[in-house]
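Residue numbers (our numbering): -14 to 174. By construction, the Cβ of each residue, glycine as well, lies at the ideal position given by its N, Cα and C atoms. Here the structure is laid out as structure tokens; the discussion comes afterwards.
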Ligand code: UDP
Ligand code: MG
């Protein structure tokens, strides 16, 4: 079973590319950010806790996120996996390894969408106008970038060392054009 991590900074296009490639491949797909937004919409206890954290641009605790991932993978153990927005810390990456190991699913492979920070900021501010996500304002975006640099970038290093890391240009070209490159990579993984 394949375990694909679609990796990249906020605004890199993980959600957009996931939607395109899921038309081609039959993945069990999980976006931890989407789950959290649903919890907020439904007013659950988790949603209430997550809302403040997300609006500050910080990260929800490893325990909560790993718990969500664990039950998702267990429930979809017969399928290829596409993880969007997870792992976001090295601790989460280590926990993922353990989960995959215990289910004998093989190693995770990371595909990073690389995009320059200035371009990311422009994209997120534009998305704010269209989608009105509360965490897409300049101050929160800055903090999301800080969190990415402080905690998430190390996840790429973790997989570079372990093997199973590849990066593609997520900046130049239309989403369709970028998806062509992404699909090429996925076909070889
Ligand atoms: N978030 C989190 N852990 C996750 C996923 C999301 O803490 O595993 C929070 C975090 O505050 C993040 C926000 O939810 O800034 C939005 O996440 P999402 O992945 O949707 O945004 P993206 O980084 O793709 O723009
Ligand atoms: Mg996203």
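Candidates the options, of which the one nearest residue i by Cα
{"i": "residue 38", "options": "139, 120 and 73", "result": "120"}
{"i": "residue 147", "options": "105, 82, 115 and 128", "result": "82"}
{"i": "residue 108", "options": "25, 156 and 44", "result": "156"}
{"i": "residue 65", "options": "143, 91 and 77", "result": "91"}
{"i": "residue 184", "options": "36, 138 and -13", "result": "The structure shown does not extend to residue 184, since the chain spans only -14 to 174, so no value can be given for it."}
{"i": "residue 67", "options": "151, 149 and -11", "result": "-11"}
{"i": "residue 17", "options": "40, 134 and 57", "result": "57"}
Residue i CB to nearest heavy atom of the ligand UDP below 7 angstroms
{"i": "residue -1", "result": "yes"}
{"i": "residue 174", "result": "no"}
{"i": "residue 3", "result": "no"}
{"i": "residue 38", "result": "yes"}
{"i": "residue 43", "result": "yes"}
Residue i Cβ short of 7 angstroms to the ligand MG heavy atom set
{"i": "residue 120", "result": "no"}
{"i": "residue 70", "result": "yes"}
Closer than 8 angstroms to chain C by CB, residue i
{"i": "residue 137", "result": "Of the protein chains in this structure there is only one, and it is not chain C."}
Report task. Would you check if the segment 42 to 56 and the segment 96 to 114 touch, i.e. whether three or more CB-CB distances between them fall below 8 angstroms? Result -> no
Requested in this report: Decide yes or no for the touch test of the segment 104 to 111 against the segment -7 to 4: beta carbon pairs closer than 8 angstroms, at least 3 of them.
Outcome: Taking a cut-off of 8 angstroms on C-beta distances, the segment 104 to 111 touches the segment -7 to 4, as three or more cross pairs fall below it.
Query raised in the report: Are there three or more Cβ pairs, one per stretch, closer than 8 angstroms when the segment -3 to 14 is compared with the segment 164 to 174?
Result: yes
Query - Residue ranges of each beta strand (DSSP E) within the segment 100 to 171, 3 or longer - result: Counting only runs of 3 or more, we get 150 to 154.
Query raised in the report: For the segment 113 to 131 against the segment 26 to 34, are there 3 or more C-beta pairs whose distance is under 8 angstroms?
Result: no
Requested in this report: Please list the segments of the alpha helix (DSSP H) lying wholly inside the segment 63 to 104, counting only runs of 4 or more residues, in order along the chain.
Outcome: 75 to 87
**Report entry** Length-filtered (4 minimum) alpha helix (DSSP H) runs lying within the segment 24 to 59
**Finding:** 30 to 41
Query raised in the report: So does the segment 39 to 47 actually touch the segment 68 to 87, counting three or more Cβ pairs closer than 8 angstroms?
Result: yes
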